[in-house]
Amino acid sequence: MKNISILGSTGSIGTQALSVIEAHPDLYRVCAITGQSNANLLVSQALKFKPELVVICDLDLYNEVKAALAHTEIKVLAGVDALCEAASLPQANFVLTAIVGSAGLKPTIAAIKAGKDIGLANKETLVVAGDLVMRLAKEFGVKVIPVDSEHSAIFQCLVGEELNSVEKIYLTASGGPFRGKDRNFLQTVTKNEALKHPNWVMGAKITIDSASLMNKGLEVIEAKWLFDLEADQIDVIVHPQSIVHSLVQFNDGSMKAQMGLPDMKLPIHYAFAYPGRISSNFKRFNFMDCPELTFSQADAKTFRNLDLAYQALRKGGNMACIVNAANEVVVSAFLKDQIGFLEMSDVIESCMNKVEFIAEPSLNNYLETDAHTRIFAHQLVTKQVK
Ligand code: NAD
Ligand code: MG
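Numbering (the numbering used here), first residue to last: 9 to 394.
Okay, structure coming up:
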């Protein structure tokens, strides 16, 4: 029996993870769930899955959640520190990190230090502090199993292979709703247009990241840390059908790809079942529904974020942390109609140029960089608000 803590159970990944668990009550149990502000959903999940612990991060909602669960044995906690408690709960032997943003960093570290294997959806944690997190995972003998579909694909292609036989990997990108558009077009796009992803239904932040190609930039950095690769070994290829989830090219020229319908329940299910496979009734891919799989070059000139992420990866130190924090601020501003789509990259670039660079950051340095960058990015956004 796998006892699973889900950090971010009320989100897109969190709710899909619960549906995977619900389908296999003989294999999986939920022991902790957490949510930021959707108290109603969190309470109904708690009543259904009966975890030991429920954490509502928004302190103002504590009384509401506590009262709704008063007739149960479930412990209710609130606040950010309680996330670390959910991550290191003694009953848990697996933690799914499905929080969005760098808020996932501290609880992920808490889970690793408590010896819990990690199902990692929260890519921002590796973007911010990948060196530190992977070093800790090694030290504490913890497995980090990717849930991001591209990284799950690479991980699956690498089963039975030596890491040093990898020549390069290709991360596939759908291209998002603005594939093929030019900067003139992007100048005036709205958040509603950006939120219409052609293939995936996801949380708002990752959907905007997908439209701006920052999601692929973050994934390039995530792949560096998960698979111990250099920037030159990681390529991005646009594949609008999202059937080939990513590919590995080996040193003998052979390539392996992992394929399937675009459904996040698949990589979640794989991460839970790893190292085995467990049968599922997910819809199967039919070649005749999609007889043409196409590939094209990513347009990093139009979608500058991809280029900025590669620059950060090559620079190292806290630069990816700067990019991530600036991106979190600009995405939130774009979602509030405070800045335009193209201005997001401008603010990120200014932060990369202005925030202090630290070549060998400690955890505190990362946390400070995250905080400083947010302040600076906010100032830049405020200047742009008309
Ligand atoms: P979402 O916005 O739907 O859900 C985020 C979850 O985190 C919610 O439960 C929310 O309550 C919680 N949360 C938000 N801010 C928080 C904070 N500051 N502190 C604590 N909890 C907080 O997001 P999502 O789409 O499920 O994405 C979650 C993570 O998984 C992201 O890192 C994303 O990049 C990654 N991911 C998502 C998908 C997808 O299909 N949705 C695919 C690949 C990777
Ligand atoms: Mg992905």
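Where a beta carbon is used, it is the ideal one built from N, C-alpha and C, also for glycine. Just so we're clear, the structure is a prediction, and the values are computed from it rather than from any experiment.
Can you say whether residue i is buried or exposed, counting buried as having 16 or more other CB atoms within 10 angstroms of its CB?
i	result
V135	buried
K56	exposed
V103	buried
D240	exposed
M360	buried
I383	exposed
T381	buried
K394	At K394 the pLDDT is 49, less than 50, meaning the model places this residue with poor confidence; the figure from the coordinates comes in the next sentence. Exposed: under 16 other Cβ atoms inside 10 Å.
A3	Because residue 3 is not part of the residues shown, which for the chain are 9 to 394, the question remains open.
A385	buried
A367	exposed
D297	exposed
P299	exposed
G138	buried
E227	buried
E158	buried
S340	buried
S254	buried
F186	buried
D125	buried
T196	exposed
A454	Outside the displayed range of the chain (9 to 394) lies residue 454, so it cannot be described from this structure.
N200	exposed
Rounded to whole angstroms, what is the Cα-Cα separation between residue i and residue j?
i	j	result
T198	G284	44 angstroms
L97	A40	8 angstroms
V389	K309	23 angstroms
K10	E72	30 angstroms
S173	V256	10 angstroms
Y318	K131	16 angstroms
A212	M222	13 angstroms
L371	I12	26 angstroms
A145	I120	6 angstroms
I286	E351	45 angstroms
L49	R292	30 angstroms
N373	I330	11 angstroms
A94	V62	8 angstroms
C92	N294	43 angstroms
I356	F290	39 angstroms
L85	I64	7 angstroms
S218	G184	6 angstroms
A111	V209	22 angstroms
Q392	L375	26 angstroms
Q387	L113	24 angstroms
N335	N313	9 angstroms
G16	P369	27 angstroms
V88	T302	44 angstroms
For residue i, which residues does DSSP report across the bridge?
i	result
M263	Q257
N11	R37
S304	V246
T42	V63
V252	M267
Over the uninterrupted beta strand (DSSP E) stretch that includes residue i, give me the two end residues.
i	result
F102	102 to 105
I64	61 to 64
L85	83 to 86
D125	125 to 128
I276	Taken as a continuous stretch (DSSP letters only), I276 belongs to no beta strand (DSSP E), being part of the alpha helix (DSSP H) at 273 to 281.
E175	174 to 181
V152	152 to 154
Could you give the first and the last residue of the continuous alpha helix (DSSP H) run that contains residue i?
i	result
M210	First-last for M210: undefined, no H or E at that position.
S157	157 to 165
I356	351 to 362
M222	222 to 235
request  = For the segment 170 to 187 and the segment 227 to 239, state whether three or more C-beta atom pairs, one from each stretch, are separated by less than 8 angstroms.
outcome  = yes
request  = Give a yes or no on contact between the segment 336 to 346 and the segment 148 to 168, applying the rule of three or more CB pairs nearer than 8 angstroms.
outcome  = no
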